[in-house]
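Structure, as structure tokens:
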Amino acid sequence: MLAKILTLGEAMAVMIAEEEGPLRNVNYYSKGLAGAELNVAVGLSRLGHKVSFLTRLGDDPFGEYIVEFANRENLDTSCIKICKGENTGMYLKEKVSKGDPKVFYYRENSAASRIAAEDLDAVDISSLDWVHLTGITPALSPSCKNAVIEAIDKARENDIPISFDPNLRPVLWEDENTMISQLNDIAVKCDIFMPGISEAKILTKLEDKSDICNYYISKGCKIVIIKLGAEGTYYKNEKGECGVIASFTVNNVVDTVGAGDGFAAGFINGILKGESIIKSVEMGNAIGAIIITSKSDNEILPTEYELKKFLEEHKID
Ligand code: KDG
2 MLAKILTLGE
12 AMAVMIAEEE
22 GPLRNVNYYS
32 KGLAGAELNV
42 AVGLSRLGHK
52 VSFLTRLGDD
62 PFGEYIVEFA
72 NRENLDTSCI
82 KICKGENTGM
92 YLKEKVSKGD
102 PKVFYYRENS
112 AASRIAAEDL
122 DAVDISSLDW
132 VHLTGITPAL
142 SPSCKNAVIE
152 AIDKARENDI
162 PISFDPNLRP
172 VLWEDENTMI
182 SQLNDIAVKC
192 DIFMPGISEA
202 KILTKLEDKS
212 DICNYYISKG
222 CKIVIIKLGA
232 EGTYYKNEKG
242 ECGVIASFTV
252 NNVVDTVGAG
262 DGFAAGFING
272 ILKGESIIKS
282 VEMGNAIGAI
292 IITSKSDNEI
302 LPTEYELKKF
312 LEEHKID
């Protein structure tokens, strides 16, 4: 096993429509597993890292399904709490032939919405090499937000790098201003901030990629990575080094959900294996490209061998 990583957040069951059109008319769904942090955890585990996934689950069939999946994926599940009488969250996802599918959440008051700062007592933060967080968790409840802040504070005390993907989910926030101010407060405490371009524009009200990066770097981030979709990925670090790394061409886009999580797994993997920012971004781009060819957010996350093969077969000159 390589590096030890902690992620925390809500894992959910997802029912993916098997037919296009409004969900009220869909008769067949396939069951899958989702949750931004869980996706990143699985991605990193398949690449050979030891990953602890912290969450709370209900004592229900979806909770059992998630634990079995996490064990099968070799995640450290010692900080998963099964909560008696509570529910595991779930959501429905549309099938679309173009664009992003709509999702409908059934996660209010889920077991995961009760994740709390004290849950981190189960983790020896000083033994970690990396902490990955997303902006979904602080949107779930005040106790979830406290857990995220506790993870950041403890990681900073121990000099552990923290990456943060804002993963904007406006429906989970009371209003846009709260979302913006709380996520920006968190972002500037993290070393690596990785928004999508439309998210970055909402969070900063800035248009220019370099200005957006400067905004976060001037407040404390070391590297800012802006995902530009088919146009590639822009990065800038605190030394002012910057550039755009091209995306891989994907001709058979099935579902874009989960691409950012795949990117995060690839990028973190690269940095932890001592690769340059450019090479790490390339690994992130590769996994993002792989993920959008599947309706699942995590089933086709590559192993180290598969990632290497993809990169060799898709060399960008
Ligand atoms: O990033 C992918 C996630 O959006 C998905 O797996 C579900 O965590 C999820 C969410 O809150 O939307």
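Under this note's numbering, read the sequence shown as residues 2 to 318, first letter to last.
Even for Gly, the Cβ is constructed at its ideal location relative to N, Cα and C.
None of the values given here were measured: they were computed from a predicted structure.
Open item on the list: Per DSSP, what are the beta-bridge partners of V225 in this structure?
Closed with: F194 and K237
Open item on the list: Distance check for S277 and T250, CA to CA, integer angstroms please.
Closed with: 22 Å
Open item on the list: Please determine whether the Cβ atom of E1 lies at a distance below 8 Å from any heavy atom of ligand 1.
Closed with: This structure cannot speak to residue 1, because the chain is shown only from 2 to 318.
Open item on the list: Just to confirm my understanding: we take G285, look at its own chain, exclude 5 residues before and 5 after, and list those with CB closer than 6 Å. What are they?
Closed with: F264, G267 and F268
Task: Per DSSP, the bridge partner or partners of A35 - done: M13
- [ ] Quick one: residues in its chain with C-beta nearer than 6 Å to the C-beta of I161, no 5 flanking neighbours on either side, listed in chain order?
- [x] L129 and V132
Open item on the list: Can you look up E307 in the DSSP assignment and give me helix, strand or coil?
Closed with: helix
Task: Spatial distance of V245 from A231 (CA atoms) - done: 12 Å
Open item on the list: Give me, in chain order, the residues of the same chain whose beta-carbon lies closer than 6 Å to that of K210; leave out the 5 immediate sequence neighbours on both sides.
Closed with: I227 and Y235
TODO: Let me know if P171 comes out buried or exposed under the rule of 16 or more other beta-carbons within 10 Å of its beta-carbon.
DONE: exposed
Open item on the list: Going by C-alpha to C-alpha distance, which of S98, L45, K82 and Y92 sits closest to E119?
Closed with: K82
Task: ligand 1 heavy atom lying under 8 Å from the CB of R170 - done: yes
TODO: Please confirm whether any heavy atom of ligand 1 lies closer than 8 Å to the CB of D262.
DONE: yes
Task: Length of the line joining the Cα atoms of D298 and C191 - done: 25 Å
Task: Beta-carbon gap between M13 and R108 smaller than 9 Å - done: yes
TODO: Rounded to whole angstroms, what's the CA-CA distance from D176 to Y306? Just pull it up for me.
DONE: 44 Å
Task: Backbone secondary structure at D120 - three-state DSSP - done: helix
- [ ] Quick one: residues in its chain with C-beta nearer than 8 Å to the C-beta of T294, no 5 flanking neighbours on either side, listed in chain order?
- [x] V251, N253, V254, V255 and I301
Task: Range of the contiguous alpha helix (DSSP H) that encloses K280 - done: I278 to I292
Task: Start and end residues, alpha helix (DSSP H) containing S53 - done: Unbroken run through S53 is the beta strand (DSSP E), K51 to G59; no alpha helix (DSSP H).
- [ ] List the residues that DSSP assigns as beta-bridge partners of I213.
- [x] Bridge partners of I213: none, in fact.
Open item on the list: I want to know whether the stretch 56-68 touches the stretch 84-101 - three or more CB-CB distances under 8 Å.
Closed with: yes
Open item on the list: Are there any heavy atoms of ligand 1 lying less than 8 Å away from the beta-carbon of Y92, as far as the coordinates show?
Closed with: yes
- [ ] Return yes when the Cβ of G197 is within less than 9 Å of the Cβ of L229, no when it is not.
- [x] yes
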